[in-house]
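Asker: Residue numbers (the working numbering), protein chains in the order written: chain X, 197 to 611; chain S, -6 to 287; chain V, 137 to 510; chain Y, 4 to 256.
Glycine included, every Cβ here is placed at the ideal spot set by N, Cα and C.
The model shown is predicted, which means the values in this text are computed figures rather than measured ones.
Mind looking over this structure? Questions follow.
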Amino acid sequence: MFQSRTRFATGTVLALTAALSLSACGGSKSGEASASSASCVDTSGDTIKLGFLNSTSGAMAISEQTVRDSLSLAATQINAAGGILGKKIEPVVEDGASDPAVFAEKIEKLLTGDCVAAVFGGWTSASRKAMLPVVEADNGLLFYPVQYEGLEASKNIYYTGATTNQQIIPAMDFLKSKGVKTLFLAGSDYVFPRTANKIIKQYAAELGIEIVGEEYVPLDDDDWTTQVAKIVEAKPDFVFNTINGSSNVGFVKAYYEQGLSAKTTPIISVSIAEEEAPAMGKDVTGQFAAWNYFQSVKSPTNDAFIKAFQDEYGADRPTSDPMEAAYTSLYLYKALVEKADSFDVDEINDAADGVTFDAPEGTVTIDGENHHIAKTALIGQINADNQFDVVWSSEKPIEPDPFLEGYAWWDPSAE
Amino acid sequence: MDAFTTPLLAGTATGALLLIAALGLALTFGQMGVINMAHGEFLMAGAYTTYLTQQVVTSTDLSILVALPVAFLVAGALGLLLEVAIIQWMYRRPLDTLLVTVGVSLLLQQLAKDVFGAQGDPVHTPGWLDGNIDVLGYHWPFRQMFTIVLAGAALAGLGALLRYTAYGRRIRATVQNRDLAETMGVSTRAVDRVTFFVGSGLAGIGGVAVSLISGTNPNLGTTYIISAFLVVVAGGLGQLRGTVIAAFAVGVVTAFFTDWFSSSMAQVLTFALVVVFLQLRPQGLFTVRARGLA
Amino acid sequence: MKQLQTWGRTWGPLLAIALVAVALLMVAPAVLSPFRLNNLGKYVCWAIAGVGIGLAWGRGGMLVMGQGVFFGLGGYAMAMHLKLEAAMASGGPDAVPDFMVLYGDGTMPGWWEPFRSGAFTLAAIVVLPALVAVVLGWAIFKRRVKGAYFAILTQALAVVFATLLVATIKQTGGFNGLNQFTQFFGYNLYDPVNKRMIYSIASVALVVCLVLVWQLYRSRFGELLVATRDAEERVRFLGHDPANIKLVAFVLAAVMASIGGALFAPITGIISPSDVDATASILLIAGVALGGRALLLGPALGALAVGFGRTTLSETFPDQWTYFLGLLFIVVILFLPAGLGSMWSQALGRLRSSRPTPTRASAPTPTDELEVAR
Amino acid sequence: MNDDYLEIRGLTVEFDGFRAVDAVDLTLLQGRLHFLIGPNGAGKTTLVDAVTGLVPATGLVRHRRQDLLRTKPHRIVRAGIGRTFQTATVFEGLSVLQNLDIAGGIHRRAWRMGFARRGTPSYVEEALEIIGLASLRDRPAGVLAHGQKQWLEIGMLLVQDARVMLLDEPVAGMSTEEREETGDLLRRIGSERTIVVIEHDMDFVRTYADVVTVMHAGKVLAEGTVAEIQADPRVQQVYLGRAHEPMQEADHA
């Protein structure tokens, strides 16, 4: 060991590896990029592969599993009714593991490896943002079923959840109609609440509603005591809640603990639905939520949807807005393909405008321009059974406007 | 006025919670040099115990009182199991113990997710805790006062155990000089187990208090554990006094930062403060035995 | 025979590194689909960070549980540049990233400005983590904070870092992170040939890091580092400040993690807080523990294995991945603390003479921190 | 006389109000074997700890015009002050040669540390000869006999080129022959160094000491040759509380 005679040979190794890598570096510059490989989707057989990409592990698993369930239900129903263009759906399921990078990896696998015709899934904006460049590069299709903060449109993504002008803005209209003068904003410290509140603040100025406070807590933090104390002090007419996930429980508990209630300072939420309401450990009767679908919506389509879902997964399982949006997304895909009479992405996009489906929430229509769908906004009030009584509705479907171009008061560059 | 009282009182309650969580950590670390990364999951176990107790004991008013001893036993038993199954084999490898317990922590979280679901289950606050008292404009919830009382009781109980019982004397002897204690006929193995049981059991009690804040969820442990570790680091070793002061300091300071800036910034600033604090007072952390270095 | 042994000791490891290089740079591109190759590229990025962890933890005894922070510094530095490249390609030289327009007021923080320059970005990927590591390491090591305290502080750092990222939406994209890159230093990021190029760069970076630690491990510094791990106070009485020795290893590990992160961003097309938080940091440790923390190739191969396992296991048993990970920690650390690679070394050692290995690097004896902990 | 000696003035070490070392004055000259004796708890090891920067102290410790109390431990080593510990602390996994080599680090520039060892440095060879372990050069230090470990540690001090060597009970637990060898070794290397030995074994002290300092309760009780010390009634008082043949039975613990 001591009498090592070998001269240290780092240089040699470096030269070797450099040479190896150079051989692999014959890349092409931007602009002259080779056209993306032609779609590998196989439409010759009597089945068509569709990708279901939801997190079945990690923090988002509980939410996304419900979406997975309703997608499976829709696939079963469609197959029982003869499939899409006569082809049975063959689902290829993948776990996004609540990690955006995994979503990006898996959608690539689904599109280029499994050659699925379309992918359904994603929940967090982070996962959608991660999938967007991949699905655009591969010219694939993604159906995203969750309400989100808007400000996005891609020709390769169909958004079947609400954008802000179908949930946030109607909620503000509802507050105005209730004569609300002062509003307190409470949200998780991430993109959706921050963006939603930016819109709320600008629209509130327009409506003459005063924002008397704005508080954020990290996603995984449950202690809202200090922030709720500020609500107590500010005495707002209403609290606009954009908190996500389990942090809601901490908020609601702290809120009741310090003597607030639906009578004194009601909350309107955009992420508490049928599943979350009973998990608060508090009687939340009388509080409000803004969605486009409630289990309590009265329509034959909804009754059939609820029955089918509960037959499949158990009578105790509630149905909620994202589940309905996911269910709807698969039927919309079917309608799209059948109208285009093709599984080809470009042909589907050409045929997209005006495609409708009689969904559990009511009739929805695709906007061919921005790939969002026209939806009716609903405000529900929680009753003693943890179901929502619809107390306000936009009456007719609202055209999607993800960039809020139709709203004069909206100034994206203002704070 | 309540710009001062709110963070002070709310922070004290947070500090009390951190204290309950940190006591067990400080105890096992001080005695055995073991950092148990699954300690947060013992908090979680305490919270789920509260939920389950409420399924059995239908009177919400009683259920919390029943849950306290049950949670202590459940979390303590988990700790004991961990000690017997894994930790006792690796006392000479403290860093490895830390990593193994990371694995245990992952397992327990996933297990909770599979058994109880990721959604989290509701825990109902008993009527006698459901209310508040107006302290200079801050509607101080009874629940927070209860947490402080609970921490005081845990501290007093632990102090009494250490001071007045035979086991306590053995624990103190082992902490001060393990080898000597052993030659004096103390079974340090048995003492270690008792310590682990008590330390983990305290986390179970903390879990009951946490469940009153946020119900249950599988990630509940991770929320509090980092702060509890910072408390142990800042508090130094061997003395409960350091842990007590550090817990309340971290709780109150975090509450003030939250009030002034935001929760996110409060986390960042509190961490920075602990690092700065270590610059000023590393003595509590540092001893060298001169006669033999090996 | 003896000569052969000497030859093998010196050149054996290099030969092994060369085998890794051939496998990554020639075999893998030939047999894997572009998608799988890209995945492998992702694991390679983790492996680069893993090599650094092996240096700091395996040889230096510093359990770095927050390497995600440095992974993130490099990843975000690179991502900022890619984001600006994408913006400038579509909106001219003064364009700002899309998310700043969407979520902010359309103005860019001043500290983003220099990242328009590719050269600055490359320098930042090395200098930034080094600076942070020096400041932090100085503060911690000089005050003789070590063992479990050190591990906890680094993990807390990762938690704080992720929280900070999530909360600064207008500056870092928050929870969504940075994504939607279009090009990589002028090359189209979605061209398969260019993707292979980036993969190759990552592989070369890994090989370079391996050669670097090979030289370090056989150097006097390497011996001193192991000596510091096993008996820190004794090293002080050899006239060395252990803090400096540890600092060097810690900084090198930080820079390696940063390089791994910097390549992770273009390979996966995204860097977000969940790639750099405490959980991500734990995952990095898992690979190193599995492969063999103190071995030359152990950390890298372990990281590759964990990355591969994560993908395949989550494809096969989506819900069980966490169980596998948890069990991996328990089983490996409890029964095989020196990692899977140690079995190979032991087998090799039995073939050789009974002479002691030069540095007892592979057998951890972390009693030192216990002494101090008391 | 050059300035190559160790000067201690008013050295005081306090632990929580207890004075372990109390205003000690000592001058330790080059070329002599100094012995530091005293009952347990007299403050001998603490004195060495204070000189080498292991415990904080007040007063003055000067070597070559450098105030050691204001110097960090590793800088004290670099200034030429080396020490050993009661329990031999060598790197058990490293070979004898490597142990010596690693001690030579202070002779190298920082960047040179990045290179592997090539050949054996001359000062390592020299030390190896002096401590008589040349034949065991490739043996791991962990398998050495107790005495050999102590010699190796002394060898490491030689490699460090320590001008002042503070040895804490180097012959404890050694056989008679090993003691003799150690004593001869100390004589050999002591001619051009300042060597201080803490020792309990009075036979050893009698045979090799040039100067003996007796410490008691943190203070210097007496100083002088072996004969002078033995004759000192205060020393006898300290050791046994009565005045007959004191040192023979001095404790070994």
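Would you tell me roughly how many angstroms separate the C-alpha atoms of X/R513 and V/V384, rounded to the nearest one?
Answerer: In the first sequence, counting from the first residue as 1, residue 513 of chain X sits at position 317. In the third sequence, counting from the first residue as 1, residue 384 of chain V sits at position 248. Straight-line Cα distance between these residues: approximately 57 Å.
Asker: Can you look up X/D554 in the DSSP assignment and give me helix, strand or coil?
Answerer: Counted from its first residue, the first sequence places residue 554 of chain X at position 358. Strand, per DSSP.
Asker: Going by the beta-carbon positions, is the gap between X/Y386 and V/G310 smaller than 8 Å?
Answerer: The residue given as residue 386 of chain X occupies position 190 in the first sequence. The residue given as residue 310 of chain V occupies position 174 in the third sequence. Closer than 8 Å, so yes.
Asker: In chain order, what residues of the same chain have a beta carbon less than 6 Å from the beta carbon of X/D397, not counting five sequence neighbours either side?
Answerer: Counting from one through the first sequence, the residue named residue 397 of chain X turns up at place 201. What sits at residue 397 of chain X in the sequence shown is Lys, not Asp. Same-chain partners within the cutoff: I407.
Asker: With C-beta atoms as the reference, is X/E345 less than 8 Å away from X/T360?
Answerer: By 1-based counting over the first sequence, the position of residue 345 of chain X is 149. By 1-based counting over the first sequence, the position of residue 360 of chain X is 164. Contact: yes.
Asker: What does a CB cutoff of less than 6 Å around V/G434 pick up in its chain, not counting 5 residues either side in sequence?
Answerer: One-based indexing of the third sequence puts residue 434 of chain V at position 298. Cβ within range, chain order: G427, G428, G475 and G477.
Asker: Would you please verify whether the beta carbon of X/P432 is less than 8 Å from any beta carbon of chain S?
Answerer: Numbered from its first residue, the first sequence carries residue 432 of chain X at position 236. Cβ-Cβ to chain S under 8 Å: no for X/P432.
Asker: Along the region 371 to 385 of chain V, what residues have a CB closer than 7 Å to any CB found in chain Y?
Answerer: The residues in question are R372, F373, L374, G375, H376 and D377.
Asker: Rounded C-beta distance between X/G282 and X/S323? I'm assuming under 8 Å.
Answerer: The residue labelled residue 282 of chain X in the question sits at position 86 within the first sequence. The residue labelled residue 323 of chain X in the question sits at position 127 within the first sequence. X/G282 to X/S323, Cβ: 33 Å. No contact.
Asker: For V/M479, is the classification buried or exposed, using 16 other Cβ atoms within 10 angstroms of its Cβ as the cut-off for buried?
Answerer: Residue 479 of chain V sits at position 343 when you count from the first residue of the third sequence. So V/M479 ends up on the exposed side.
Asker: Whole angstroms is fine: what's the gap from Y/V241's alpha carbon to S/G197's?
Answerer: Your numbering for residue 241 of chain Y matches position 238 in the fourth sequence. Your numbering for residue 197 of chain S matches position 204 in the second sequence. Near 57 Å, if we compare the C-alpha coordinates of S/G197 and Y/V241.
Asker: What are the residues of the region 195 to 209 of chain Y that lie near chain V, defined by any Cβ-Cβ distance shorter than 9 Å?
Answerer: Flagged: no residues at all.
Asker: Could you list the residues in the region 261 to 287 of chain V with a C-beta less than 7 Å from some C-beta on chain S, going in chain order?
Answerer: So the list reads A275, R279, R280, V281, G283, A284, Y285 and A287, given in the order they occur along the chain.
Asker: Can a CB atom of chain Y be found closer than 8 Å to the CB of V/D327?
Answerer: Counted from its first residue, the third sequence places residue 327 of chain V at position 191. No, its Cβ sits nowhere closer than 8 Å to a Cβ of chain Y.
Asker: By the criterion of Cβ-Cβ separation under 8 Å, what are the contact partners of V/Y335 in chain S?
Answerer: Looking up residue 335 of chain V in the third sequence gives position 199. Under the 8 Å cutoff, chain S gives no residues; its nearest Cβ is about 30 Å from V/Y335.
Asker: Go ahead and pull the three-state DSSP assignment for Y/F94.
Answerer: On the fourth sequence, position 91 is the one that residue 94 of chain Y refers to. If DSSP states are grouped into helix, strand and coil, Y/F94 belongs with coil.
Asker: V/G427 lies in the beta strand (DSSP E); which residues open and close that run?
Answerer: By one-based count along the third sequence, residue 427 of chain V stands at place 291. Run containing V/G427: none in the beta strand (DSSP E); it sits in the alpha helix (DSSP H), A414 to G427.
Asker: Of all the options V/G313, V/I261, V/V371 and V/I189, which has the alpha carbon lying nearest to the alpha carbon of V/G405?
Answerer: Residue mapping note: residue 405 of chain V aligns to position 269 of the third sequence, counting from 1. Nearest of V/G313, V/I261, V/V371 and V/I189 to V/G405, Cα basis: V/G313.
Asker: Looking at the C-beta of V/S478, does it have a partner C-beta in chain Y at a distance below 8 Å?
Answerer: Your numbering for residue 478 of chain V matches position 342 in the third sequence. V/S478 does not count as touching chain Y.
Asker: Find the residues of chain X that neighbour S/T251, judging by a C-beta separation of less than 7 Å, and give them in chain order.
Answerer: The residue labelled residue 251 of chain S in the question sits at position 258 within the second sequence. Within 7 Å Cβ-Cβ: T422.
Asker: Against chain V, with Cβ distances strictly below 8 Å, would Y/L100 count as a contact?
Answerer: If you number the fourth sequence from 1, residue 100 of chain Y lands on position 97. No, because no Cβ of chain V sits closer than 8 Å to the Cβ of Y/L100.
Asker: Quick check for students: name the residue ranges of the alpha helix (DSSP H) that lie wholly in the region 338 to 422 of chain V, counting only runs of 4 or more.
Answerer: Taking only runs of at least 4 residues, the alpha helix (DSSP H) segments lying wholly in the region 338 to 422 of chain V are 356 to 366, 368 to 372 and 378 to 404.
Asker: If we count the other Cβ atoms within 10 Å of its Cβ and call it buried at 16 or more, is S/F(-3) buried or exposed?
Answerer: Mapped onto the second sequence, residue -3 of chain S falls at position 4. So S/F(-3) ends up on the exposed side.
Asker: For the alpha helix (DSSP H) holding V/P170, just list the boundary residues, first then last.
Answerer: Locating residue 170 of chain V in the third sequence gives position 34, counting from the first residue. Here the alpha helix (DSSP H) through V/P170 covers P170 to I189.
Asker: State the DSSP-derived secondary structure class of S/Q272, mapped to helix, strand or coil.
Answerer: The sequence position of residue 272 of chain S within the second sequence is 279, counting from 1. Helix.
Asker: Let's see if you can read the secondary structure: which residues bound the alpha helix (DSSP H) around V/Y212?
Answerer: Within the third sequence, residue 212 of chain V is the residue found at index 76, counting from 1. Element bounds for V/Y212: Q203 to G227.
Asker: Give the interface partners of Y/T74 over in chain V, defined as CB-CB distance under 9 Å, in chain order.
Answerer: Position 71 of the fourth sequence, counted from the start, is the residue given in the question as residue 74 of chain Y. Within 9 Å Cβ-Cβ: nothing; Y/T74 doesn't reach chain V, min ~12 Å.
Asker: In chain order, which alpha helix (DSSP H) runs of at least 4 residues are fully inside the region 424 to 488 of chain V?
Answerer: Fully enclosed alpha helix (DSSP H) runs of 4 or longer: 434 to 452, 457 to 471 and 476 to 487.
Asker: Flag this pair as touching only if the region 232 to 240 of chain S and the region 71 to 80 of chain S have three or more C-beta atom pairs under 8 Å; answer yes or no.
Answerer: Output reads no: the region 71 to 80 of chain S does not touch the region 232 to 240 of chain S.
Asker: Tell me the DSSP secondary structure of Y/H3 in three-state form.
Answerer: One cannot answer for residue 3 of chain Y here, as it falls past the ends of chain Y, which runs 4 to 256.
Asker: Do X/K284 and X/T243 count as a contact pair if the criterion is CB distance below 8 Å?
Answerer: Residue mapping note: residue 243 of chain X aligns to position 47 of the first sequence, counting from 1. Residue mapping note: residue 284 of chain X aligns to position 88 of the first sequence, counting from 1. Yes, the Cβ-Cβ distance between X/T243 and X/K284 is below 8 Å.
Asker: Which one of X/T421, X/T497 and X/Q362 has the shortest CA to CA distance from X/I614?
Answerer: Any property of residue 614 of chain X remains undetermined from this structure, which presents chain X solely from 197 to 611.
Asker: Check the Cβ of Y/R120 against every Cβ in chain V and list those closer than 7 Å, keeping chain order.
Answerer: For the purposes of this step, residue 120 of chain Y is taken as the residue at position 117 of the fourth sequence. Within chain V, the residues near Y/R120 are R356.
Asker: Between S/F270 and chain X, is there a C-beta pair that is closer than 8 Å?
Answerer: Translated into positions along the second sequence, residue 270 of chain S becomes position 277. S/F270 does not count as touching chain X.
Asker: From what residue to what residue does the alpha helix (DSSP H) around V/A159 run?
Answerer: Position 23 of the third sequence, counted from the start, is the residue given in the question as residue 159 of chain V. No alpha helix (DSSP H) contains V/A159, which DSSP labels as neither H nor E.
Asker: Determine the contact status of V/A269 and V/A390, defining contact as a CB-CB distance below 8 Å.
Answerer: Translated into positions along the third sequence, residue 269 of chain V becomes position 133. Translated into positions along the third sequence, residue 390 of chain V becomes position 254. Yes, the pair counts as a contact, with Cβ atoms nearer than the cut-off.
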